[in-house]
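What follows is one structure encoded as structure tokens, with my remarks underneath.
Residue numbers (the UniProt record's numbering): 1 to 171.
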């Protein structure tokens with residue numbers, strides 16, 4: 001029974017599909033538009049945070065609470081930025097996956113950092129493309145190696161021995 005495996009397919013990236021493989025289908029335009037969109041959303045988010053801060057000032061919440069508000073968003077944004085940017089470039093062998101549940105709340109509070117990391121990475125390539133390309137290239141390499149080994153094993157094994165004799169066996 002011969003098991004014929006198909007060539008591995010690339011995993012799609014959100015908003016890009018599989019166009020990241022050959023950079024077709026308006027890939028560059030989409031990349032720049034999504035990066036600009038993320039940058040605009042970060043600016044809008046910063047304006048909303050400023051309104052929230054001004055609301056705390058009007059409510060006279062106090063300096064301790066106002067300082068805590070600013071520090072919490074600054075720390076969470078910087079952590080989310082560095083983690084998100086690292087997730088886009090990190091190799092597939094890393095034990096910490098991009099969907100680490102312990103970072104979800106920090107990324108939610110530090111949404112500015114996530115948006116800025118997305119915009120910055122979009123200037124270079126589709127976010128996550130480097131990691132996906134490494135996984136895809138590795139899968140294609142394994143497939144081609146397996147295919148080459150299968151091709152070398154085809155045929156009658158007795159005929160590959162050279163003389164075709166069956167030494168060591170009784171008839």
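Cβ coordinates follow ideal geometry from the N, Cα and C atoms, glycine included. It should be emphasised that the depicted structure is a prediction, and the values quoted were computed from it without experimental measurement.
Could you check if residue 110 is buried or exposed, using at least 16 other CB atoms within 10 Å of its CB as the buried criterion?
-> Burial call: buried.
Residue from 73, 61, 144 whose Cα sits closest to the Cα of residue 48 | A check of alpha carbon separations from residue 48 across 73, 61, 144 identifies 73 as the nearest.
Select from 30, 142, 153 the residue whose C-alpha is nearest the C-alpha of residue 173.
-> With the chain represented from 1 up to 171, any question about residue 173 goes unanswered, as that position is not in the structure.
In the DSSP assignment, what residue or residues form a beta bridge with residue 17?
-> 13
Name the two residues that bound the continuous alpha helix (DSSP H) containing residue 103.
-> Careful: residue 103 lies outside any alpha helix (DSSP H) and carries neither H nor E.
What residue range is occupied by the uninterrupted alpha helix (DSSP H) comprising residue 150?
-> Per DSSP, residue 150 belongs to the alpha helix (DSSP H) from 129 to 152.
Stretch-stretch touch, CB-based, cutoff 8 Å, three pairs: the region 84 to 91 with the region 42 to 56 | no
Cβ pair residue 105, residue 35 closer than 7 Å = No.
Whole-angstrom distance between residue 129 and residue 13, CA atom to CA atom = 8 Å
Please list, in chain order, all residues of the same chain as residue 140 whose beta carbon is under 8 Å from its beta carbon, the five residues on each side excluded.
-> 7, 8
To which residues of the same chain is residue 20 closer than 8 Å at the C-beta, ignoring the five residues directly before and after it?
-> The answer, listed in chain order, is 10, 13, 27, 125, 126, 129, 132, 133.
Selection from 71, 15, 116, 18 that minimises the alpha carbon distance to residue 81 | 116
In this structure, does DSSP put residue 62 in helix, strand or coil?
-> coil
Going along the chain, which residues of its own chain have a beta-carbon closer than 7 Å to the beta-carbon of residue 15, five neighbours each way excluded?
-> 30, 34
Use the C-beta contact count for residue 113: other C-beta atoms within 10 angstroms, 16 or more gives buried, fewer gives exposed.
-> buried
Using only alpha-carbon positions, find the residue among 119, 145, 144 that is nearest to residue 43.
-> It is 119.
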